[in-house]
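To keep things clear, I will list the structure first and then write my remarks on it.
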Ligand code: GDP
Ligand code: MN
Ligand code: MN
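Numbering (our numbering), first residue to last: 16 to 269.
Below, the structure is given as structure tokens:
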């Protein structure tokens, strides 16, 4: 058992309108079954999702929250405008986005963006993954999967890791339920978050700094789906999510 992960080299600084699929295909050979892992940063740049705080007017809630964080009211306003719900407002903002993704500061980044500009996540990362995936497939004649990643922290542990925020033709979860363990006992709960595991592996090559390495190919895992997939398959519903429920309880108690 073996799989391979390698970075696509010499990717330029990405700007609005760039054709990421073409940029990848020009720089590496793609094979059937490859999983193309792409940092959301360059997808956002190509989609023109760069903005500045100038011109943003902070509302009352943003002004109030800013008193308990190190962020400017205008930045908090930008976060709130991209959020469905704010779960924690101090000392950082943990929000649920309209896509269902829960993360700090609505995924708005200032790193690896020029000057004072900020970068937001693609509006619909599944759609971005599909768009890029289909273009790679039609220009190479291969069948691939795509995972768009971001770097996120997680509860309970220090350290950030790559996570999937959008997918094309790969199921986020591998269902082990109904299979047996080594001793013949049936597995009752386990669903393996394969796209987050792959995002974490790819992130080892991407890094977080000036590596200039936003695309990683994963080869040798047989995970391509025949039917449409969405990253939403792995978000817990409001009813099922105990942590989300507790956070809302604490938030609304005061
Ligand atoms: P995020 O995890 O999606 O927020 O992206 P990061 O900011 O952590 O960047 C991931 C990798 O992509 C790092 O190696 C960055 O240096 C690289 N990167 C970011 N933007 C660009 C770009 O426009 N061009 C290239 N070649 N690399 C980039
Ligand atoms: Mn990011
Ligand atoms: Mn990162």
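Glycine residues also receive a C-beta, built at the ideal position from the N, C-alpha and C atoms.
This one's a predicted model, so the numbers in the text were calculated from it and none came from an experiment.
- Contact between residue 182 and residue 162 holds, with the beta-carbon distance rounding to 6 Å and staying under 8 Å.
- Taking a C-beta distance under 8 Å as the contact criterion, residue 131 and residue 67 qualify as a contact pair.
- Counting every other CB atom within 10 Å of its CB across the protein chains shown gives residue 260 a total below 16, marking it as exposed.
- The shortest CA-to-CA distance from residue 156 to any of 40, 110, 187 and 21 is the one to 40.
- One Cα belongs to residue 36, the other to residue 223, and the distance between them is close to 22 Å.
- Going by DSSP, residue 211 is part of no beta strand (DSSP E) but of the alpha helix (DSSP H) stretching over 209-221.
- Relative to ligand 1, residue 54 has its C-beta within less than 7 Å of a heavy atom.
- 8 Å or more divides the Cβ of residue 60 from the Cβ of residue 99.
- Per DSSP, reduced to three states, the secondary structure at residue 97 is coil, with no helix or strand assignment.
- Within the chosen limit of 7 Å, ligand 2 does not reach the beta carbon of residue 211 with any heavy atom.
- In the structure shown, residue 228 falls within a coil segment according to DSSP collapsed to helix, strand and coil.
- Taking a C-beta distance under 8 Å as the contact criterion, residue 127 and residue 164 do not qualify as a contact pair.
- Around the beta carbon of residue 213, a 10 Å sphere encloses 16 or more other beta carbons of the protein chains shown; the residue is thus reported as buried.
- Here residue 191 has 202, 205, 206 and 207 as same chain residues with Cβ atoms under 8 Å from its own Cβ, once five neighbours each way along the sequence are excluded.
- For residue 179, the closest C-alpha among the options 141, 266 and 119 is that of 141.
- Just so you know, the alpha carbons of residue 158 and residue 47 end up roughly 5 Å apart.
- Note: residue 72 is not bridge-paired with any residue in the DSSP secondary-structure output.
- In this structure, residue 221 has its beta carbon less than 7 Å from a heavy atom of ligand 3.
- In this structure, residue 111 sits near residue 117, with a CB-CB distance shorter than 8 Å.
- For residue 52, the closest C-alpha among the options 243, 268 and 234 is that of 234.
- With respect to the C-alpha of residue 45, the residue from 22, 65 and 252 having the closest C-alpha is 22.
- Distances from the alpha-carbon of residue 64 to those of 71, 146, 70 and 55 put 55 closest.
- Comparing alpha carbon positions, the residue from 266, 185 and 135 closest to residue 90 is 135.
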